[in-house]
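Please read the structure below before turning to the comments.
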Amino acid sequence: EGIKASIEARKLDFDAYVGPQKQYADAVIEVLPTQVKFLSDNKG
5 EGIKASIEAR KLDFDAYVGP QKQYADAVIE VLPTQVKFLS DNKG
């Protein structure tokens, strides 16, 4: 929850300064939440 609140608190700065710079970037990377499910090793 704290991390999400921190991200939301900086969203206006991102939209004003970082977002517009995307047009000058060679690549833009978006980090999304993972949906990978890890299997536990129950072999002993």
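Mind the numbering: the sequence shown is residues 5 to 48 in the working numbering, read in order.
Every residue, glycine too, gets a C-beta built ideally from N, C-alpha and C.
Fair warning: this is a prediction, and the values are worked out from it, not measured in the lab.
#1: Tell me the rounded alpha-carbon separation between A20 and L43.
#2: How many whole angstroms separate the CB atoms of V32 and K41, which I take to be in contact at a CB cut-off of 8 Å?
#3: Cα separation between R14 and I7?
#4: Of all the alpha helix (DSSP H) runs that stay within the bounds of the segment 13-47, which reach a length of 4 or more residues?
#5: Could you tell me the alpha carbon to alpha carbon distance between L36 and F18, rounded to whole angstroms?
Taking the coordinates as given:
#1: Working through the sequence shown from its first residue, we reach residue 20 at position 16. Working through the sequence shown from its first residue, we reach residue 43 at position 39. Each residue's alpha carbon lies about 42 Å from the other.
#2: Here residue 32 corresponds to residue number 28 of the sequence shown, with the count starting at 1. Here residue 41 corresponds to residue number 37 of the sequence shown, with the count starting at 1. Taking C-beta atoms under 8 Å as the contact rule, V32 and K41 fail to qualify, at a distance of about 28 Å.
#3: Taking the first residue of the sequence shown as 1, we reach residue 14 at position 10. Taking the first residue of the sequence shown as 1, we reach residue 7 at position 3. So the alpha carbons of these two residues sit roughly 11 Å apart.
#4: none
#5: Working through the sequence shown from its first residue, we reach residue 36 at position 32. Working through the sequence shown from its first residue, we reach residue 18 at position 14. Whole-angstrom Cα-Cα distance: 17 Å.
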